[in-house]
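>
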Amino acid sequence: MAKKRAREADGAAEAPDKMVEDGDSSDDDDFDMVNVDFEWFNFDSEIDFHGTKSLLRQLFDVDATLFDISGLADLILSQPTIGSTVKVDGKETDAYAFLTALNLHEHREKQPIAELTRYIAEKAKTNEALAGIPDLLSSGNHVGLVLSERLINMPSEIAPPMYNMLIDEIEAAVEDKEPYEFSHYLIISKTYNEIESTLDVAERKRKKGKQDATLFYFHPEDEVLQKYAAAYGSYDFTKIDEAIADSKRAFQEMGVMPRGFMILIEASKFADAAKAISEYLSPPS
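So for the sequence shown, my numbering puts the first residue at 77; every next one is plus one.
1) Please determine if the stretch 172-185 and the stretch 200-220 are in contact, where contact requires at least 3 C-beta pairs separated by less than 8 Å.
2) Can you tell me which residues form a DSSP beta bridge with G208?
3) Residues bridged to S224 by DSSP?
4) Judging by CA-CA distance, which residue of I316, I264, K315 is the nearest neighbour of F294?
5) Can you name the start and end residues of the alpha helix (DSSP H) that H126 belongs to?
6) Around the C-beta of I246, are 16 or more other C-beta atoms found within 10 angstroms, so that it is buried, or is it exposed?
7) Measuring CA to CA, which of D124, F125, T128, F136 is closest to I316?
8) Pull the bridge partners of F337 from the DSSP assignment, please.
9) Give the single residue among L357, P296, S344 whose Cα lies nearest to the Cα of F337.
10) In whole angstroms, what is the alpha-carbon distance linking I243 and A347?
11) Determine, using beta-carbon pairs with one atom in the stretch 154-171 and one in the stretch 193-213, whether at least three such pairs fall under 8 Å.
12) Near F327, which residues of its chain fall below 6 Å by C-beta distance, leaving aside the five closest residues on each side in sequence?
13) Below 8 Å CB to CB, which residues in the same chain sit around I353 once its five sequence neighbours on both sides are set aside?
14) So A305 and L262 are supposed to be a Cβ contact under 8 Å. How far apart are they, rounded?
15) Give the straight-line distance between the Cα atoms of S215 and A200, rounded to the nearest whole angstrom.
16) Considering only their Cβ atoms, is the gap separating I271 from G309 smaller than 8 Å?
17) With which residues is K163 paired in a DSSP beta bridge?
18) Going by beta carbon distance, what residues of the same chain come within less than 8 Å of F143, once the five residues before and after it are set aside?
19) Buried or exposed for V250, going by 16 or more other Cβ atoms inside 10 Å?
20) Please state whether the Cβ-Cβ distance between A171 and T161 is less than 8 Å.
21) To the nearest angstrom, how far is the alpha carbon of M241 from that of T176?
22) Closest by CA to K266, which one among S344, R226, L213?
23) Apart from the five residues on each side of it in sequence, which residues of its chain come closer than 7 Å, Cβ to Cβ, to K129?
24) If you check the beta carbons only, do Y311 and N229 fall under 8 Å apart?
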């Protein structure tokens, strides 16, 4: 079968499933070179529950409390050969990143997926650009829900091998008659806007004009994926407000307002989208 599935026997993958991140030293003596080995692993239910759950909470942000996140993590771990975790200190540690795909139709009667599917449909109705997604989810088509998250300081260069391996794994699973033959892939991600703080109101009233609501990407690969999309767009979290944005300010006057983000890609275009991510983000040789 595909190389990723063979990894279970010995843990860490061979190249290209291992990547070294070099921190360049500079003329400033305050900086030293740091070498970090990133290793790719299959999901392991004995090890990865808490790390996966934590990253899912980060992905869904304040709305994570609306779902059975533990149940969703268990479902991800129940298909260990679909998707990857990325770790630094060996298999026994928590994941720094993960990527997987779940069949929404196959798992439609399981509580975590039923809750999440209703949530996605409701959020899609709030954005005209996503208006076709609810009908697709109720059509009986096999839609692959792609979930991906990583710690904030992880380099984006880990994304290309994760997507490439996912495609190989799904192709191998389809050959084995497993339920991964999708009509579409629906990627759930997250973006953010910078907004004016609700603090120091008097000071801000003296400032002229308003800042443009520029969209920023937590995952740079999303900007590539949306070029291959049948539909994409942002939505507001159910439990978000400007006070939360203030709590996430970091060394700047502007607050950060996270928003949910969906990208719907036809299955026939997914491999090309992954290739484009590789061209955009792969580190120079």
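Ideal placement from N, C-alpha and C gives every residue a C-beta, glycine not left out.
Inspection of the coordinates gives the following:
1) yes
2) Per DSSP, none; premise fails for G208.
3) L175
4) I264
5) 125-136
6) buried
7) F136
8) S265, S310
9) P296
10) 7 Å
11) no
12) Legend: pLDDT at F327 = 48, less than 50; position of this residue unreliable, value from coordinates given subsequently. For F327, where only same-chain residues beyond five positions count, there are no Cβ hits under 6 Å.
13) A235, P236, Y239, E297, V300, L301
14) About 10 Å; that fails the 8 Å criterion.
15) 15 Å
16) no
17) E115
18) F136, P188, E191, L192, Y195
19) exposed
20) yes
21) 10 Å
22) R226
23) I145, S146, A149
24) no
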